[in-house]
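Residue numbers (my numbering): 1100 to 1383.
Cβ coordinates follow ideal geometry from the N, Cα and C atoms, glycine included.
Just below is one structure, and these are the notes that go with it.
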Amino acid sequence: MPDPMRSQTPDDRIGARDLTAWPTRSGRRLVAVAAGLARRSRPAARSVVSWSNAHLAFVVFAAVALVVLVLLVEGTETVYEGVVGRDGVTAVDQPVLDAAVSWRSPGLDSAVTTFTDIGGPVGMPVLAAVAVAVLTWRRRRWTPAVLMLIAAAGSLAMTVVGKDFVDRARPPAALAVPPLEVSPSFPSGHTLNATVLTTVVVYLVLIETTAAWQRTLTITLGALFVLSMGLSRVFLGHHWLTDVLAGWLIGLGWAVAVLTAHRLWLTLRERPAPADPAEIPAER
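Here's what the structure looks like:
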């Protein structure tokens, strides 16, 4: 008898969208390359643990994507130095902060501070953990937990690397709402981590839901949460706008990489991936 507590929705679809179908040639090429890397990595991995090509492809792609993104984050130091003090994107930082200061009031400051704490080093992990625990329990699989752990680890790594390499000063303390923060400003860790963890949770919920209105509501709430979290950092004077923009972009890039790795795992789990991408079906 099937377990009534276990989700009956497939884990390789979002609505009618088949996550193992790659409609573009570049997508099918990615599947073929990932499968090839997994096959070449398998002899070394076998000495530690017996993994399928699907598992190896997931690990290899996620590791490569993390290295690439960390290097890109390091490279932002050069970009930052090239625009700071000139008529670059940082020119919007001070006017935006000045506008935020003009909108403040004791009540609004308190409400926004309470909200932004949700995206902090305690609030955001707890929120994500609760959501993933529920999804893991419903699925009776560890996939949601594994995806979240990998996403969180990469998010933390990029936050640390970005702050250490760029070492940008935060907005003046006189323009910030207490409690003040002392770590480097770039990128916004609240924004980056909220973007990554929320995107992964939204993706997992989309797989779980069956109604179109539920998926629309999930995407809308997730996007509003991420946008609001980033803007709250600027409103409170804890970050410049460009710190937040970087957090959104870097976080989205890493989240997409993790979700792509999951799609590769689903694809190679369900069918062998031939070396020629032309042999990989675009639709099932």
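Backbone CA spacing between residue i and residue j [nearest angstrom]
i            : j            : result
residue 1325 : residue 1340 : 14 Å
residue 1368 : residue 1247 : 20 Å
residue 1345 : residue 1113 : 29 Å
residue 1225 : residue 1296 : 11 Å
residue 1239 : residue 1310 : 21 Å
residue 1126 : residue 1278 : 46 Å
residue 1134 : residue 1121 : 14 Å
residue 1110 : residue 1260 : 34 Å
residue 1159 : residue 1361 : 12 Å
residue 1145 : residue 1166 : Confidence is the limiting factor: at residue 1145 the pLDDT is only 46, short of 50, which leaves the residue's position unreliable and the question unanswerable from this model.
residue 1244 : residue 1211 : 30 Å
residue 1195 : residue 1124 : 42 Å
residue 1237 : residue 1322 : 24 Å
residue 1269 : residue 1262 : 11 Å
residue 1116 : residue 1220 : 34 Å
residue 1153 : residue 1252 : 21 Å
residue 1197 : residue 1132 : 49 Å
residue 1280 : residue 1338 : 10 Å
residue 1206 : residue 1162 : 45 Å
residue 1315 : residue 1231 : 20 Å
residue 1107 : residue 1272 : The predicted position of residue 1107 is uncertain, since its pLDDT is 48 and thus under 50; a value taken from the coordinates is nonetheless stated next. The alpha-carbon atoms of residue 1107 and residue 1272 are separated by roughly 53 Å.
residue 1331 : residue 1258 : 18 Å
residue 1355 : residue 1201 : 36 Å
residue 1383 : residue 1287 : Confidence in residue 1383 is poor, its pLDDT being 47 and thus under 50, which makes the residue's placement unreliable; the coordinate value appears in the next sentence. Their Cα atoms are separated by approximately 41 Å.
residue 1223 : residue 1229 : 10 Å
Residue nearest to residue i in terms of C-alpha spacing, selected from the options
i            : options                : result
residue 1209 : 1357, 1275, 1118       : 1275
residue 1320 : 1298, 1333, 1307, 1334 : 1298
residue 1329 : 1318, 1285, 1167       : 1285
residue 1168 : 1352, 1365, 1366       : 1352
residue 1172 : 1255, 1235, 1273, 1191 : 1255
residue 1289 : 1191, 1215, 1155, 1230 : 1215
residue 1283 : 1313, 1170, 1265, 1206 : 1265
residue 1335 : 1231, 1257, 1252, 1203 : 1203
residue 1307 : 1272, 1234, 1252, 1327 : 1234
residue 1327 : 1163, 1162, 1213       : 1213
residue 1192 : 1359, 1355, 1354, 1267 : 1267
Extent of the continuous alpha helix (DSSP H) run through residue i
i            : result
residue 1208 : 1205-1217
residue 1197 : 1192-1202
residue 1224 : 1222-1238
C-beta atoms of residue i and residue j nearer than 7 Å
i            : j            : result
residue 1349 : residue 1291 : yes
residue 1333 : residue 1199 : yes
residue 1317 : residue 1343 : no
residue 1241 : residue 1294 : no
residue 1365 : residue 1129 : no
residue 1227 : residue 1357 : no
residue 1363 : residue 1190 : no
Chain D contact for residue i (CB, 7 Å cutoff)
i            : result
residue 1255 : The structure shown contains no chain D; it holds only a single protein chain.
*asked:* For a minimum of 4 consecutive residues, which ranges assigned as the alpha helix (DSSP H) are wholly contained in the segment 1243-1324?
replied: 1288-1307
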